[in-house]
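In the numbering used here, the protein residues as written are -17 to 109.
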Amino acid sequence: MLCVRECPDWCIEIDSHVQTLPAAEPRGRDRTVNVLDRFAVDFGLCMYCGICVEVCPFDALHWSPVAAYAASGPVDLVHEADRLAGWEATVPEPAPLDPAAEVEPDHVRRGASGAGNRPGRGRVPRP
């Protein structure tokens, strides 16, 4: 998972296993799927940088405006999936998209050369 790999504090733990499902058709192949066993965030280690929220391709992680991080010990700062799911009701719905908004074409956003903002890209070498 991207959130685990990108976290600079290593505060997200995911445990899973691979399960084989039988073929849906008589001559079909068996399928393998990943099954999530555990998802936990250790808020004692988290520095609240938000990288995990940004890189999640499933939009499964959100910032919550209401969060109680007070705990009697370090073990209570580890929030499992069921405890994290309780915060889902506090996450506001995203603002609706404006259909009249103009979207800049990619070549405008990246510059005339289309090379992006990286140094050395799209520049003419000096003699």
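A virtual CB, placed ideally from N, CA and C, is assigned to each residue, including glycine.
Please report the Cβ distance between residue 18 and residue -2, rounded to the nearest whole angstrom; I am assuming they are in contact, meaning their Cβ atoms lie under 8 Å. On the sequence shown, residue 18 is found 36 positions in, with the first residue counted as 1. On the sequence shown, residue -2 is found 16 positions in, with the first residue counted as 1. Taking a contact as a CB-CB distance under 8 Å, the pair residue 18 and residue -2 counts as one, their CB atoms being some 5 Å apart.
C-beta atoms of residue 38 and residue -6 nearer than 8 Å: Here residue 38 is taken as the residue at index 56 of the sequence shown, counted from 1. Here residue -6 is taken as the residue at index 12 of the sequence shown, counted from 1. Remark: C-beta atoms of residue 38 and residue -6 do not approach each other more closely than 8 Å.
7 Å CB neighbourhood of residue -9 in its chain, flanking five on each side removed: Numbered from its first residue, the sequence shown carries residue -9 at position 9. The answer, listed in chain order, is 27, 28, 29.
Where do the N-terminal and C-terminal ends of the alpha helix (DSSP H) with residue 66 fall, by residue? Residue 66 sits at position 84 when you count from the first residue of the sequence shown. Its alpha helix (DSSP H) spans residues 63 to 67.
Taking just the CA atoms, how far does residue 87 sit from residue 63? If you number the sequence shown from 1, residue 63 lands on position 81. If you number the sequence shown from 1, residue 87 lands on position 105. Each residue's alpha carbon lies about 40 Å from the other.
Just to check my reading of the structure: residue 46 and residue 69 have Cβ atoms closer than 8 Å, yes? What is that Cβ distance to the nearest angstrom? To locate residue 46, count along the sequence shown from 1; it is residue 64. To locate residue 69, count along the sequence shown from 1; it is residue 87. Yes, they are in contact, since the Cβ atoms of residue 46 and residue 69 sit about 4 Å apart, within 8 Å.
Using a Cβ-Cβ cut-off of 6 Å (strictly less than) and excluding sequence neighbours within five positions of residue 22, which residues of its own chain qualify? Taking the first residue of the sequence shown as position 1, residue 22 is located at position 40. Cβ within range, chain order: -5, 60, 62.
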